[in-house]
Each structure stands twice: as structure tokens, then as C-alpha cells.
Amino acid sequence: MPSKAVKSHAGETPDMSEHSRQLLKAQEEERRRISRELHDETGQALMVLRFHLEMLAADNGSAEHKGKIEESLELLDRTIEGLRRTIARLSPRVLEELGLVSAIRRQVEIVTRHMEIRAALDVPEDLRWLDHDLEVAIYRSIQEALHNIAKHSRAESFSVRLRTTDSRLSLQIADDGVGFSPRAAQLRGFGLTGMRERAAALGGSMKVRSKPDQGTRIQISFPLNGRKHRAGNGSLERTAAA
Ligand SMILES: Nc1ncnc2c1ncn2[C@@H]1O[C@H](COP(=O)(O)OP(=O)(O)OP(=O)(O)O)[C@@H](O)[C@H]1O
Ligand SMILES: [Mg+2]
């Protein structure tokens, strides 16, 4: 979780932004390590347990025994599913596996599947040319903004829009929910602060526009200089997700 102690401000020194960048990198590495351990150790152990339970279920036994084993298998399956979700949330490995655009699409789908909310997604078809730090910052920012929409907004719809020019990338996440007073919100959680820190660490900035009962719009802008690792055309694909 981002630390409030390293809050970044517009007039921050380069050292401060380098400090934030190192801190965020260390956090990502830690998350990656935890996610790997959960996958390789806990996940593997649960799969072995599942295998043993299936063997027991195939053996002759009383109806009561079989019932208990079935129940255990169901509980185990739910636990494995929960673990998979936790691993996916923890690790931006999903970025390596799916690429940023599909990873964003998946996050949007998770929200629309679990809530009565419509979503509009407007992102370039291919962003594989972005450098990894920027990909992680975008992925984590959208993740937090969508968590906030799910947790606080009571919105009927939201949109995620990502645009690139030669020199900048802009990300906008907007909803038509209950809104809030950004000044008061500063004192509450870590999410918005973390998003601002991520943007500042990469030389970017974030604006939040929200008023009670008037929805929320978050705009983040990142400079692209030196943040492309492959040539890309940034062409846009419009998708109505749900
Ligand atoms: N989309 C939104 N709609 C309505 N209120 C919001 C929205 N996003 C943020 N808020 C308000 O701003 C506050 C601060 O958000 P922030 O993400 O920083 O913290 P949090 O979500 O409360 O906690 P955390 O992110 O640390 O788990 C929230 O508590 C909520 O009141
Ligand atoms: Mg939050």
C-alpha cells in the first residue's frame, strides 16, 4: 500500500520523485514475490489436497463419509478460485500474460460481472510498445479507480478511456455516481494518494473532479518521452464492454 509519507506534490524535487519510484518498484517486487509463493507453494499444496480427496471420494465408504468429502472438495474449489483471484490481483504478471489492453478489459469485466453497472471502454488496440513501469502504473491506477467505483460510487455506469499522442498518454476514468468532496477524501484512504504518487513518480500528474451527487472524473497524464520500448501506432479501438 502506498505510503502517505512520500506524498508527491507538483513542486517536488527530482530526488523525491526518484524516491517514490524506488518505493513503488520495491512494492511491486514484494507483491510479485508473494504472488509467486502463493502460486508455487499454497496453490500446489491445494492441488495435491484436491487430488487426495478425489482418490478418497472414489473409494468405497459410508454415505456420510462421501458427503463430507464432497463438501470438502467444494470448499477446496472455492478456496482455489479465491486464491487465483488474489494472485491475479497481486501480480501484474497478468500484464505479461495478457498484455495491458486485455488486462484492463478483464478488470472492467470483473466489475460489470459482479455489479449492476454499465461500462464503456475506449482504449488503443495495442499498447505493447509502452515501457513496463508505465504499464504497471496504468494497470494499478485503473484497478484502484475501479475498486473505488465498486466500493463508493453507486454509479449506473462508468467509462475508462486511454489516449496517446506522440508525447503524452492520458487516462480518464469517470463514473456517474454519488461523487465526493476531494478535499475531505484526502484524509480517508490510500488509494487516490497512491495513484497520484504513481503518476508523479513517472513525471505525470493526476486531477480529480468530483462533487457530491455529480459523479467522479479522474484524469491522469503521463509524458511518453523515453517510455516507448517498441514502435506503435496507438490506433484506437472502441469497445462497449457490457
Ligand atoms: N468513484 C468514487 N465515487 C464516490 N466516492 C469516491 C470515489 N472514489 C473515491 N471516493 C471517495 O474518496 C475517498 C478516498 O478514496 P481512496 O481510494 O483514497 O480511499 P478508500 O477507497 O476509502 O480506501 P483505500 O483505497 O485505501 O482502500 C473514499 O473513501 C470515498 O469517500
Ligand atoms: Mg480506494
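For my numbering, add 1353 to where a residue sits in the sequence shown, where the first one is 1. Cβ atoms here follow ideal geometry from the backbone N, Cα and C, with glycine treated the same way.
Looking at ligand 1, does it come within less than 8 Å of residue i, judged from the CB to the closest heavy atom?
i       : result
ARG1493 : no
VAL1531 : yes
GLU1497 : yes
ASP1486 : no
ARG1475 : First, the amino acid is wrong: residue 1475 is Asp here, not Arg. The answer is no for ASP1475.
LYS1560 : no
ALA1508 : yes
THR1518 : no
THR1569 : yes
HIS1505 : yes
ALA1552 : no
SER1455 : no
ASP1566 : no
THR1465 : no
With DSSP collapsed to three states, give me the class of residue i.
i       : result
ILE1598 : This structure cannot speak to residue 1598, because the chain is shown only from 1354 to 1595.
LYS1560 : strand
LYS1581 : strand
THR1439 : helix
THR1569 : strand
ALA1508 : coil
LYS1357 : With a pLDDT of only 43 at LYS1357, under the threshold of 50, the placement of this residue in the model should not be trusted; the figure read from the coordinates follows. The answer is helix: DSSP assigns LYS1357 an H, G or I state.
ASP1486 : helix
GLU1478 : coil
ASN1413 : coil
LEU1555 : coil
ARG1385 : helix
ALA1541 : Sequence inspection shows Arg at residue 1541; the Ala mentioned does not correspond to that position. The answer is coil: DSSP assigns ARG1541 none of H, G, I, E or B.
SER1373 : helix
PHE1404 : helix
SER1534 : coil
MET1468 : coil
GLY1452 : coil
Which partner residues does residue i have in the DSSP bridge list?
i       : result
GLN1525 : ARG1514 and GLN1572
ALA1473 : SER1512
Are the segment 1450–1467 and the segment 1552–1567 touching, with three or more C-beta to C-beta distances below 8 Å?
no
How would the residue list near ligand 2 read, in chain order, if you kept each one whose beta-carbon is closer than 5 Å to any heavy atom? ASN1501, GLY1542 and GLY1544
Discussion item. Any contact between the segment 1492–1508 and the segment 1530–1543? By contact I mean 3 or more CB pairs, one from each, below 8 Å.
Written reply: Using a Cβ-Cβ distance cut-off of 8 Å, the segment 1492–1508 and the segment 1530–1543 are in contact, since at least three pairs of beta carbons, one from each stretch, lie closer than that value.
Review point. Counting Cβ pairs, one atom from each stretch, are 3 or more of them under 8 Å apart for the segment 1433–1444 and the segment 1470–1483?
Key: no
- Counting Cβ pairs, one atom from each stretch, are 3 or more of them under 8 Å apart for the segment 1509–1521 and the segment 1542–1551? no
Validate contact between the segment 1421–1432 and the segment 1398–1410 using beta carbons, cut 8 Å, 3 pairs: yes
Is the segment 1371–1383 close to the segment 1394–1404, with three or more CB pairs under 8 Å? The segment 1371–1383, when compared against the segment 1394–1404, does not touch it at the 8 Å Cβ threshold.
Exercise. Count the CB pairs spanning the segment 1409–1417 and the segment 1451–1459 that are closer than 8 Å, and state whether there are at least three.
Key: no
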